[in-house]
Amino acid sequence: MSVGEEIRSESEQPQQSLGTSAARNLATTTKSAPQMQEISSRWLLRMLPWVQVQGGTYRVNRRLSYSVGDGRVTFVKTADRVQVIPAELGELPVLRDFEDQEVLGELAQRCRQREFAAGEVLTSFGSPADEVFLLAHGRVEKIGTGPYGDDTVLETLADGAYFGDQALVDSETIWEYTARAVTACTVLALPRQDLEQVAERSESLQSHLQRLRSLPERRTNNFGESPIDLSAGHVGEAVLPGTFVDYESAPREYELSVAQTVLRIHTRVADLYNQPMNQTEQQLRLTVEALKERQEHELINHREFGLLNNCEYDQRIQPHDGAPSPDDLDELLSRRRGSKLFLAHPRAISAFGRELNKRGLVPETIDMSGTRIPTWRGVPIFPCNKIPVTEASTTSIICMRTGEEEQGVVGLHQTGIPDEIEPSLSVRFMGISEQAIISYLVSTYYSAAVLVPDALGVLENVEIGRW
-14 MSVGEEIRSE SEQPQQSLGT SAARNLATTT KSAPQMQEIS SRWLLRMLPW
36 VQVQGGTYRV NRRLSYSVGD GRVTFVKTAD RVQVIPAELG ELPVLRDFED
86 QEVLGELAQR CRQREFAAGE VLTSFGSPAD EVFLLAHGRV EKIGTGPYGD
136 DTVLETLADG AYFGDQALVD SETIWEYTAR AVTACTVLAL PRQDLEQVAE
186 RSESLQSHLQ RLRSLPERRT NNFGESPIDL SAGHVGEAVL PGTFVDYESA
236 PREYELSVAQ TVLRIHTRVA DLYNQPMNQT EQQLRLTVEA LKERQEHELI
286 NHREFGLLNN CEYDQRIQPH DGAPSPDDLD ELLSRRRGSK LFLAHPRAIS
336 AFGRELNKRG LVPETIDMSG TRIPTWRGVP IFPCNKIPVT EASTTSIICM
386 RTGEEEQGVV GLHQTGIPDE IEPSLSVRFM GISEQAIISY LVSTYYSAAV
436 LVPDALGVLE NVEIGRW
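This is the structure we're talking about:
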């Protein structure tokens, strides 16, 4: 018998057992619960202390502090031309509370655009200061003289910052540092002479500047708060100073935000397809996971209470060399006591690891719920993919102190709401429609509060694409 005849005879043999394709139709397959790629570790929700908020509003009472106009300036770019928004000039201490938009518009028109290449000097130490610089784009270092005669970096400025504002009202002031461009920079300069020319024709600006010069200097402590007079080291029957602690007259209030959705399930699915897994339970489980992801995103990015938008400007720093180095994280830690955690995008953690490798450093790790988390100076660095990454591959690293007792950052929620399945998260039955669709309202209530400004710090414009 040939080989072909042997193969043909085997294929003609009658089937003696059930085939796998037919058996699969009768067998109960082993299956997983519905999976969801969006689910992340959500370390912020897990590590943030949560405060019970009755009435839906949380008020943060602080000592009275005096604002000195330390905001950011916003610009409009048209092709290669940059202009400052007139109202944004109110961020300068000299023009704070000045509301004449026509005058601000004329001052904005007088701002002169200048371009500086990396390494160029904008101002020199000791030279007369006669203009204010508004940094539209780029990074600038303030360089001073250290105690041993060498140059030292006093501060690094980035987009939206300004310097030299005192030159607008003091004709005898000099530059007390050298400003040098680290990268290519676009700045707008407003000379004092132009401000004086506008003031000559504007009674409102003239009276504003006169009132500013006549105001007595406010006494404050190092944090801008009203001082508490004390006496120490005295002997005998010295007369002790009297004092009181002044509070902010209009403290900030945080209202609980909400994330909601309506989950719809057809009664036929809920009735007939609940084995071996309950369809309603699985639909609710995935919906709740999506709401929690949105909750953490809002706690990071929301315009009103998000951590990135509520960090004070004097608590925002710039990396010295773009990439997140150990020196930058040390600077971030030095701005506050008792830092509890860092939050960084996973790509930022990877970039920080590369900088450690270059220096031959190995970070310590700690065990958090079975996960090894890297640390720096004993402070854990938790991954958070909700921190945005720009098209230029830059991001931010957050450092914070947490807890009410430590005057840190706290999460806000309200437990005990109707139909609650988790703290501050409820699932409420809304009825069955004429199309036999069951509806559930799924809601979660939350917010976050920064109790004192130094509880939260941000390292901005971190480059994560450098190798």
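In my numbering, the protein residues as written are -14 to 452.
All C-beta atoms in this analysis are idealised placements derived from N, C-alpha and C, irrespective of residue type, glycine included.
Residue i - partner residues in DSSP beta bridges
| i | result |
| --- | --- |
| PHE148 | PHE118 |
| GLU100 | THR171 |
| GLN245 | SER428 |
| LYS62 | VAL67 |
| ASP352 | ARG357 |
| PHE110 | Paired residues: none, contrary to the question. |
| PRO176 | GLU116 |
| LYS127 | GLU140, ALA164 |
| TYR43 | TYR239 |
| TRP35 | GLY396 |
| GLU405 | SER411 |
| ILE159 | PRO113 |
| VAL447 | THR380 |
| ALA434 | VAL395 |
Residue i burial status per 10 Å Cβ neighbour count (16 or more: buried)
| i | result |
| --- | --- |
| SER440 | One point to set straight first is that residue 440 is Ala, not Ser, in the sequence displayed. Classification for ALA440: buried. |
| GLU281 | buried |
| LYS62 | exposed |
| ALA433 | buried |
| THR380 | buried |
| ALA377 | exposed |
| ILE383 | buried |
| ALA152 | buried |
| VAL220 | exposed |
| THR108 | buried |
| GLN195 | exposed |
| ASN446 | buried |
| VAL106 | exposed |
| VAL443 | buried |
| VAL53 | The pLDDT assigned to VAL53 is 46, lower than 50, so where the model puts this residue is not dependable, and the model offers no usable value. |
| TRP452 | exposed |
| THR429 | buried |
| ILE449 | buried |
| ILE358 | buried |
| PHE414 | exposed |
| THR14 | exposed |
| GLN20 | exposed |
| LEU80 | buried |
| TYR133 | exposed |
| SER324 | buried |
| ASP55 | Its pLDDT being 46, under 50, ASP55 is placed unreliably in this model, and the value from its coordinates should be taken loosely. Exposed, since its Cβ has fewer than 16 Cβ neighbours within 10 Å. |
| ALA235 | exposed |
Rounded Cβ spacing between residue i and residue j (contact assumed at less than 8 Å)
| i | j | result |
| --- | --- | --- |
| LEU276 | ALA308 | No, LEU276 and ALA308 are not in contact; Cβ-Cβ is about 35 Å, not under 8 Å. |
| VAL117 | ASP150 | 5 Å |
| ARG386 | GLY396 | Contact flag wrong, Cβ pair sits at about 14 Å. |
| PRO78 | LEU89 | Incorrect: roughly 15 Å between the Cβ atoms, too far for contact. |
| VAL176 | ASP115 | The identity of residue 176 in the sequence shown is Pro, whereas the question assumes Val. Indeed they touch by this definition, with Cβ atoms about 6 Å apart. |
| VAL273 | LEU426 | Rounded, the Cβ-Cβ distance is 13 Å, inconsistent with contact. |
| ILE372 | LEU328 | 7 Å |
| MET32 | PHE367 | 7 Å |
| ASP85 | SER189 | 5 Å |
| ARG344 | PRO311 | 7 Å |
| VAL67 | ALA18 | Actually they are not in contact, since the Cβ atoms of VAL67 and ALA18 sit about 54 Å apart, beyond 8 Å. |
| ILE128 | LEU139 | 7 Å |
| SER334 | GLU316 | According to the sequence as given, residue 334 is Ile; it is not Ser. The Cβ separation is near 18 Å, so there is no contact. |
| GLU283 | SER242 | 6 Å |
Note to self: Under 8 Å, with one C-beta from each stretch per pair, do the segment 138 to 147 and the segment 94 to 104 reach the 3-pair mark?
What the structure shows: no
Check: Using 8 Å as the threshold, is the segment 358 to 377 in touch with the segment 399 to 419, meaning 3 or more CB pairs across them?
Finding: no
Checklist line | Segment contact flag, the segment 296 to 306 with the segment 413 to 421, C-beta cutoff 8 Å, min 3 pairs | finding: no
Next item on the list: Inspect the CB distances between the segment 158 to 170 and the segment 180 to 189 and report whether three or more fall short of 8 Å.
Entry: no
Check: Counting Cβ pairs closer than 8 Å, one from the segment 345 to 360 and one from the segment 253 to 262, do we hit at least three?
Finding: no
Checklist line | the segment 278 to 292 touching the segment 35 to 47, judged by at least three CB pairs closer than 8 Å | finding: no
Note to self: So within the segment 319 to 393, which uninterrupted alpha helix (DSSP H) runs reach at least 4 residues, ignoring any that extend past its ends?
What the structure shows: 331 to 344
Item checked: Segments assigned alpha helix (DSSP H), at least 4 residues, entirely inside the segment 245 to 321 -> 252 to 257, 264 to 286, 292 to 295, 311 to 319
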